[in-house]
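Working notes for the structure below.
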Amino acid sequence: MAENVQNDPWVVRPEMHIHIIGIAGAGMSAIAHVLLGQGVTVSGSDMQANAQTESLVAAGATVYEGHAAAQIAGAEWVVISSAIPAGNPELQAARAAGVPVLKRADLLGRMMADYRGIAVAGTHGKTSTTGMLAQIFMATGQDPTVIVGGELPGLLGHGRAGDGRHFIVEADEYDHMFLGLRPLVAVVTNVEHDHPDIYPTEADYLDAFARFIALLPAEGLFVGCSDDPQTRQLLGAAQAAGTRVMAFGFEAEQVPAGADHLLATDFQPNQAGGSDFLVTLNGETLGLVRLRLAGRHNVLNALAALAVGLHEEIPFQECSQALASFGGVNRRLQHIGTAGDVVIVDDYGHHPTEIRVILAALRQQYGERKLWAVWQPHTYSRTKLLQREFAAAFGAADEVIVLDIYRSRETDTLGIDSAQVVAQMTHPAAHYIGAREAAAAYLLDHIQPGDVLVTFGAGDGNAVGQWVLDGLKANLNRRQVS
Numbered sequence: 004m005a006e007n008v009q010n011d012p013w014v015v016r017p018e019m020h021i022h023i024i025g026i027a028g029a030g031m032s033a034i035a036h037v038l039l040g041q042g043v044t045v046s047g048s049d050m051q052a053n054a055q056t057e058s059l060v061a062a063g064a065t066v067y068e069g070h071a072a073a074q075i076a077g078a079e080w081v082v083i084s085s086a087i088p089a090g091n092p093e094l095q096a097a098r099a100a101g102v103p104v105l106k107r108a109d110l111l112g113r114m115m116a117d118y119r120g121i122a123v124a125g126t127h128g129k130t131s132t133t134g135m136l137a138q139i140f141m142a143t144g145q146d147p148t149v150i151v152g153g154e155l156p157g158l159l160g161h162g163r164a165g166d167g168r169h170f171i172v173e174a175d176e177y178d179h180m181f182l183g184l185r186p187l188v189a190v191v192t193n194v195e196h197d198h199p200d201i202y203p204t205e206a207d208y209l210d211a212f213a214r215f216i217a218l219l220p221a222e223g224l225f226v227g228c229s230d231d232p233q234t235r236q237l238l239g240a241a242q243a244a245g246t247r248v249m250a251f252g253f254e255a256e257q258v259p260a261g262a263d264h265l266l267a268t269d270f271q272p273n274q275a276g277g278s279d280f281l282v283t284l285n286g287e288t289l290g291l292v293r294l295r296l297a298g299r300h301n302v303l304n305a306l307a308a309l310a311v312g313l314h315e316e317i318p319f320q321e322c323s324q325a326l327a328s329f330g331g332v333n334r335r336l337q338h339i340g341t342a343g344d345v346v347i348v349d350d351y352g353h354h355p356t357e358i359r360v361i362l363a364a365l366r367q368q369y370g371e372r373k374l375w376a377v378w379q380p381h382t383y384s385r386t387k388l389l390q391r392e393f394a395a396a397f398g399a400a401d402e403v404i405v406l407d408i409y410r411s412r413e414t415d416t417l418g419i420d421s422a423q424v425v426a427q428m429t430h431p432a433a434h435y436i437g438a439r440e441a442a443a444a445y446l447l448d449h450i451q452p453g454d455v456l457v458t459f460g461a462g463d464g465n466a467v468g469q470w471v472l473d474g475l476k477a478n479l480n481r482r483q484v485s
């Protein structure tokens, strides 16, 4: 919670100065971009510069490399990410001086106060759904303010400040972040136990989402996927509590009795490699949606975005046209390049369900071409909790390479490593190749024209795909020269 707060709620004012500790991260840099767009003076610090900090400096922020107490001078508020330790000198200086200290969610809740807030939560698909919503609202002239975890074309970094009345935010459940928000519309794409370091049990995890939905005001709307068992449970509970709900999905029989519902029918891949489907609202056909993106999971994401757009009185045809132009989010089923008739794709997926649905989408798109999967497990806690599910997630791939675990914020290995996960796999062509460089070398020796390579993970394993692409191009150039 916020510290040293005397008057709540606070108001974000254009003339104020906000200092952000940990400004280089995706979430914090997005907030910084929005604040700059709203006329706020922004400073911040992080351990090292990156593309995000360079973008912020170009937009007018002051960014320090490293942390020092003097760097918070003049700040009215100090904002910290969940990764900032109590011993950080800037945090200590703020507390000593009585400067209000806020977590990211505290600030976001205050930034949303004067808007029609739309918060998109869920274990899987929240970034893509937030991106689709941003596309609908921007393409139809709503000029929304947007904060999203992935990089979207048309946004400066991960966020934009708009002059419209809507504030669209990706609502992350990690460290209970989404419980600091105060949305008018809450979206839940699905719920499947994750982040065991924060939520030890499935019940803990589901309860956090129930608390998120309970934040809605009396006039609020809960949009949830009724195909998903856990979200369906949340829809029923919200209905019983008197909250207005909108269910979405493929399966009419899963919609809670009496709930408004937006359903996809006649789903089929289109010739462009995307997805076509018809949309019905409470049984009435609204029309066709044509996506550039493959996979049933993207149809569900689009339905969630459509439900919100329709609720905010944007006509269906305008929503459909906007979705047809949506090209996706960086690191979400992203085409990296093609060389020597080898297609290379990257996806941020770091949960067994995400891996399964992406492999299914690639099968839809590329048919019987040989499909290679390179997976870098993300965090020891997630890998240990879901090791059996991970071991069974790669059935649609022809060959699998597993890299060493990306530890992220964790230091305790919990007695788990990638070799153990590979040993549990029944896949006939699964290999443990720990180092990224060794995996790239193996692929360059074995990959063939016509193959498809996908890299999975939220760490730095995606470098393997780029190295393979560069190596294939170099091989082609050498052949052309000779």
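Quick note: the sequence shown uses my numbering, first residue 4, plus one each step. Virtual Cβ for every residue (Gly too), placed ideally from N, Cα, C.
For residue i, three-class secondary structure by DSSP
i           : result
residue 132 : helix
residue 420 : coil
residue 438 : coil
residue 72  : helix
residue 239 : helix
residue 449 : helix
residue 26  : coil
residue 126 : coil
residue 201 : coil
residue 117 : coil
residue 207 : helix
residue 429 : coil
residue 360 : helix
residue 244 : coil
residue 260 : coil
residue 5   : Because residue 5 carries a pLDDT of 47, less than 50, the predicted location of this residue cannot be relied on, and no value is offered for it.
Rounded distance between the beta-carbons of residue j and residue i, thought under 8 Å
i           : j           : result
residue 98  : residue 104 : 6 Å
residue 376 : residue 362 : 7 Å
residue 31  : residue 84  : 5 Å
residue 128 : residue 303 : 7 Å
residue 229 : residue 196 : 19 Å between Cβ atoms; not a contact.
residue 151 : residue 33  : 7 Å
residue 122 : residue 212 : That belief does not hold up - the Cβ atoms of residue 122 and residue 212 are roughly 12 Å apart, past 8 Å.
residue 124 : residue 190 : 7 Å
Chain-order list of residues whose beta-carbon lies under 6 Å from that of residue i (same chain, five-residue window excluded)
i           : result
residue 4   : The predicted model places residue 4 with a pLDDT of 40, which falls under 50 and marks its position as unreliable, so this point remains unresolved.
residue 241 : 216, 225 and 248
residue 404 : 377, 434, 436 and 442
residue 396 : 355, 358 and 359
residue 40  : 164
residue 402 : 375 and 432
residue 470 : 443
Unbroken beta strand (DSSP E) run spanning residue i, endpoints
i           : result
residue 248 : 247–252
residue 112 : Per DSSP, residue 112 belongs to no beta strand (DSSP E); it is in the alpha helix (DSSP H), 107–114.
residue 219 : No beta strand (DSSP E) holds residue 219; DSSP gives it neither H nor E.
residue 458 : 455–459
residue 87  : Note, residue 87: premise wrong, no beta strand (DSSP E); not H, not E.
residue 14  : Residue 14 -> no beta strand (DSSP E), and no H or E assigned at all.
residue 81  : 80–83
Residue interval of the alpha helix (DSSP H) (run including residue i)
i           : result
residue 49  : Segment 44–49 is the beta strand (DSSP E) holding residue 49; no alpha helix (DSSP H) there.
residue 34  : 29–40
residue 468 : 466–484
residue 60  : 54–62
residue 95  : 92–100
Close beta carbons around residue i, own chain, < 8 Å, minus the five adjacent residues each side
i           : result
residue 409 : 379, 380, 381, 382, 460, 461, 462, 463 and 464
residue 19  : 43, 44, 79 and 80
residue 314 : 188, 224, 226 and 249
residue 261 : 242
residue 390 : 419, 423, 424 and 427
Beta-carbon proximity list for residue i, same chain, < 7 Å, skipping 5 on both sides
i           : result
residue 301 : 131, 278 and 294
residue 271 : 279
residue 209 : 194 and 233
residue 454 : 345, 372, 373 and 375
residue 60  : 66
C-beta neighbour in chain B for residue i, strict 9 Å
i           : result
residue 274 : This model lacks chain B altogether; it includes just one protein chain.
Subject >> Entirely enclosed alpha helix (DSSP H) segments - the segment 366–420, minimum 4 residues >> reply: Correct list: 383–388 and 390–394.
**OP:** List in chain order: all unbroken beta strand (DSSP E) runs of 3+ residues lying wholly within the segment 272–345.
**Re:** 278–284, 287–294 and 337–342
Subject >> Entirely enclosed beta strand (DSSP E) segments - the segment 132–194, minimum 3 residues >> reply: 148–150, 169–173 and 188–191
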